[in-house]
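The sequence shown begins at 19 in this note's numbering and counts up one residue at a time.
Don't be surprised by glycine CBs; every beta carbon is placed ideally from N, CA and C.
Just below is one structure, and these are the notes that go with it.
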Amino acid sequence: MDENLMQDQENVSNENELENKENEEQVSPPNNEDEGQTQDQNPPPVTENEEGEKMAKEALIQLPRSLEQIISKEILSINAKIDLESNANLALGTLLISEDFGETFKKCPDDLAGKSNFKLGLLKDDVFANGNYGVLLMGEVNLLNVNASIKQAAFLQNLIINTKE
């Protein structure tokens, strides 16, 4: 009796396999009309050269500039306190302003109109163990989109801003 039961189970599994194969064969191949519609919806192929250029441009936009690209020439740097209450995270290369003769710095506003007795600098190093940051006071830096009043003040303070790339 056990033999008959086992043979019946084998027959059922063989029948299931045959049905599955038949179902797979019955799947209709895609017709030409469907292919034409999907081809029209796909954008034209992009060549490898175009794709490489696009990826390179996107990478340049996404990657922050390194300090070597920002500072061309360093003449004088100091360690100073930076007011981080209004700006918790400042990136290296950020223009800074001090209105207390270089004791503390904060992020430079977009326009210096109406300001007097200030010192400009550039954030050069991350925080040291004593809480001070490295600030470049004299040298040549490469910055784009800097307001004319900042360029003039920086030039007068020996922080030369080069806006050519």
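Item, Value
"Buried/exposed call for L155, threshold 16 Cβ in 10 Å", "buried"
"Euclidean distance between Cα positions of A166 and I178", "12 Å"
"Host beta strand (DSSP E) of F123 (start-end)", "122-125"
"Length of the line joining the Cα atoms of L113 and L138", "7 Å"
"DSSP state of A131 mapped onto helix, strand, coil", "coil"
"Limits of the beta strand (DSSP E) - the one that K137 falls within", "137-141"
"Helix, strand or coil at S116 [DSSP, three-state]", "strand"
"Short Cβ contact (8 Å threshold) for N105 with Y151", "no"
"Residue range of the unbroken alpha helix (DSSP H) whose run includes L85", "85-88"
"Classification of A172 by the beta-carbon crowding that lies within 10 angstroms, buried from 16 upward", "buried"
"For L161, three-class secondary structure by DSSP", "coil"
"Span of the beta strand (DSSP E) around L177", "177-180"
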